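Contents: one structure, followed by commentary.
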């Protein structure tokens, strides 16, 4: 019997068919999706290949275009303009706060405006030390019966406006005592004196300039109990030739030349340490400001000869002898030396001049270049050569601004005031704008003293900027020569292995100091000259005649220096990727740590230094990763696509050295916040890596002394802090690598 379909049967059939239809639909959608994905992948691959090829060509074109702009700017530098600048700036003496120096500041301010810069004056009221206008400082020697044997010449340079010889911040006072000759007045010289069984307590210490900072000499003399210090320029260092072969017949300092200079133990305004010297801020009393407490006076080689020939003690060690025309250098004398100092401390206004060009893409990133304006006398080398070059750089940048060019990042040119008294203008500026500089400072380039010879560019600074300096030096041919500036660096100033130019660490000798010690801004300083000292330094003989006849006839070094510095400034301020190399910095840390670790282990073989070494290795590894990643991503200059990547990596790079800062500062030197690189503790003209460890190791002299355990605990603490600092830096770079590796943007 035929079975009829019921409603229920139709319902089941309908549901089965619906399920089959839905399944087919799903399969169709999946297949269609796969086809779309595959097609998109193939299309994307083809498009990416085409885009990559296009971007690569575009990147190459953009790089070539930038290089052409840089070369165009550099080619505008005019030797004659530099010469005109120098003859103007070094034409008259211009000490800080004096009328001539203020007029030069006005000139620089007006030139900045004329060249398209935003110009500003930033002033501070600082404590200056100046010689008395009524009495001249004197050093004399007497017989025991009171008979005057010799008295330094009364200085009279009123016609030229040169201040008489003095050491700034020496206290006013008259002191006398038996003389002791102490070579260069270094730590090892004072220790040698102890070994010889001689006590300098209550004595007048006579030392020669050189090897360490004059302030360090006075600080040590005060520590060892001397009542006064006399500093002179020994012919061995400043003129090892016959008396008739000195300047103006050669570059060597005449026997009557006297080097002036500050002996302040720290930098910046002494009354407002830690904050800017504005007229409304709290000030310390001078007696509480850590200023030198024993009278100090500089004298000439001629004066030193007439005093030291009267000394009658034992003959000094052979390596302490100089080139004064006396029979023997004697350690002590029975006659009496008297120092009369009439210096006056006064609060005066100093003014920095700042010229700014805002960046077109990253206006909140500052690339700074500066030099001090003030000088002890004419200051042709120190500081006018640098000022003359900086102002020519301002002129050529101004020419390009007229054509519509702007740097990617903000450029600041800075004319500092009060440097010779102890980095007053630059330090107060950094203290006032500290947070801004820590957040936005990319680099600071310093030009002091720019030109004192024509042999080689001499650069010191952070390892981060070493390679951009060298690459820039390779792009500049030394005038009338087949060599580049880099090749001259390698020939005249090679490292120990003769494979690379020397590249030393920063000291506290000039205005870069507060930038790297306090703000953590990557810094470098540049000079042009040779290993021979700048013999007329801080004397009345630092003149145009000395530069044009001996240091740089024809101004070839001035031109080469200007071109190299312009290349460096443009590269750091305008390349999309900040051209710093953390790998070089890590290699320097590794090299310097090796000696410190050896010193530690020699003193205590059980001391665990593995964590410090591991942190440095970690920083090196992360730096290498970053460098390789940047190399891989350096493919496209499509700025719209790469801004995020660029911002990330530039933040990573520019913050590296700021991570070296610790708020409490170095023990006993709290003003210095940089825990990895700092001036040497016993020589402000020296540099040190891992300064807190070195300082604490220096305190351990007697292995079995009562304080030995306590002293070693200090070393352990400092090793821990340094390790933590480097570990944090390594983690920072590693984090940057991780973030960048996740981004798909490329950049150039």
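In the numbering used here, the protein residues as written are 703 to 1450.
Backbone N, C-alpha and C fix where the C-beta goes; we use that ideal spot for every residue, glycine too.
Here the structure is a predicted model, which means the values were calculated and not measured.
(request) With DSSP as the reference, label residue 867 as helix, strand or coil. (result) coil
(message) For the stretch 1093-1110 against the stretch 1180-1195, do three or more pairs of beta-carbon atoms, one drawn from each stretch, fall closer than 8 Å, so that the two count as touching?
(response) no
(request) Tell whether a beta-carbon distance below 7 Å holds between residue 1003 and residue 972. (result) no
(message) residue 1392 and residue 1351 - do their beta-carbons sit closer together than 7 Å?
(response) no
(message) With a threshold of 6 Å on Cβ separation, who are the neighbours of residue 942 within its own chain once the five nearest residues in sequence on each side are excluded?
(response) 1025
(request) For the beta strand (DSSP E) holding residue 965, just list the boundary residues, first then last. (result) No beta strand (DSSP E) contains residue 965, which DSSP labels as neither H nor E.
(request) With a cut-off of 8 Å on the beta carbons, I'd call residue 1068 and residue 883 a contact; round off their distance for me. (result) Not a contact, Cβ separation roughly 48 Å.
(message) Could you compute how far the alpha carbon of residue 1280 sits from the alpha carbon of residue 975?
(response) 33 Å
(request) Could you spell out where the beta strand (DSSP E) holding residue 1349 opens and where it closes? (result) Note, residue 1349: premise wrong, no beta strand (DSSP E); alpha helix (DSSP H) at 1341-1357.
(message) Taking 6 Å as the limit between beta carbons, can you name the residues of its chain near residue 1290, skipping five residues before and five after?
(response) 1165
(message) Which same chain residues end up closer than 8 Å to residue 1062 when comparing Cβ atoms and leaving out the 5 residues on each side of it in sequence?
(response) 1108, 1109 and 1110
(request) Report all residues from its chain with a CB closer than 6 Å to the CB of residue 1313; omit the five preceding and five following residues, and keep chain order. (result) 1425
(message) Between which residues of its own chain and residue 919 is the CB-CB distance below 6 Å, once the five residues before and five after are set aside?
(response) 887 and 909
(request) Output the boundary residues of the beta strand (DSSP E) element that contains residue 1028. (result) Careful: residue 1028 lies outside any beta strand (DSSP E) and carries neither H nor E.
(request) Determine which residues share a DSSP beta bridge with residue 820 and list them. (result) 1058
(request) Could I get the ranges of all uninterrupted beta strand (DSSP E) runs contained in the stretch 1224-1275, with 3 residues as the minimum, in chain order? (result) 1224-1231
(message) Restricting to Cα atoms, I'd like to know which of 889, 1012 and 1332 is closest to residue 846.
(response) 1012
(message) DSSP three-state label for residue 955, please.
(response) coil
(request) Pick out whichever of 1046, 964, 773 and 1298 has its Cα sitting closest to the Cα of residue 869. (result) 964
(request) Could you tell me how far apart the beta carbons of residue 988 and residue 829 are, in whole angstroms, since I believe they sit closer than 8 Å? (result) 7 Å
(request) Could you tell me which residues DSSP puts in a beta bridge with residue 1111? (result) 1064
(request) Could you check if residue 1199 is buried or exposed, using at least 16 other CB atoms within 10 Å of its CB as the buried criterion? (result) exposed
(message) Please return the same chain residues whose Cβ sits closer than 7 Å to the Cβ of residue 1209, not counting the five positions on each side in sequence.
(response) 1381, 1386, 1387, 1388 and 1389
(request) Enumerate in chain order the residues of its own chain whose CB-to-CB distance from residue 738 is below 8 Å, with the five nearest sequence positions on each side excluded. (result) Note that residue 738 scores a pLDDT of 47, beneath 50, so its modelled location is shaky and nothing firm can be said.
(request) Quick one: residues in its chain with C-beta nearer than 7 Å to the C-beta of residue 844, no 5 flanking neighbours on either side, listed in chain order? (result) 850, 851, 1037, 1038 and 1040
(request) Please report how far the alpha carbon of residue 1120 lies from the alpha carbon of residue 1102, in whole angstroms. (result) 32 Å
(message) So, under 8 Å CB-CB, residue 1417 and residue 1311 are touching, yes? Tell me the CB distance rounded to an integer number of Å.
(response) Not a contact, Cβ separation roughly 11 Å.
(request) For the stretch 1106-1163, list the beta strand (DSSP E) runs that are entirely contained and at least 3 residues long, ordered along the chain. (result) 1111-1118, 1143-1148 and 1158-1163
(message) Rounding to the nearest angstrom, what Cα-Cα distance links residue 785 and residue 1086 in this structure?
(response) 11 Å
(message) Assuming contact is defined by CB atoms lying nearer than 7 Å, are residue 1155 and residue 1212 in contact in what I supplied?
(response) no
(request) Find out if the Cβ-Cβ distance for the pair residue 1171, residue 799 is shorter than 7 Å. (result) no
(request) Return the CA-CA distance between residue 1445 and residue 1145, expressed in angstroms with no decimal places. (result) 27 Å
(request) Could you tell me which residues DSSP pairs with residue 1440 in its beta bridges? (result) Note: residue 1440 sits in no beta bridge, so no partner.
(message) Measuring alpha carbon to alpha carbon, tell me which residue in 1367, 1246 and 1333 is nearest residue 1219.
(response) 1367
(request) Tell me, to the nearest whole angstrom, how far the beta carbon of residue 906 is from that of residue 881; I am working on the premise that it is less than 8 Å. (result) 5 Å
(request) Pick helix, strand or coil for residue 792, following the three-state DSSP scheme. (result) coil
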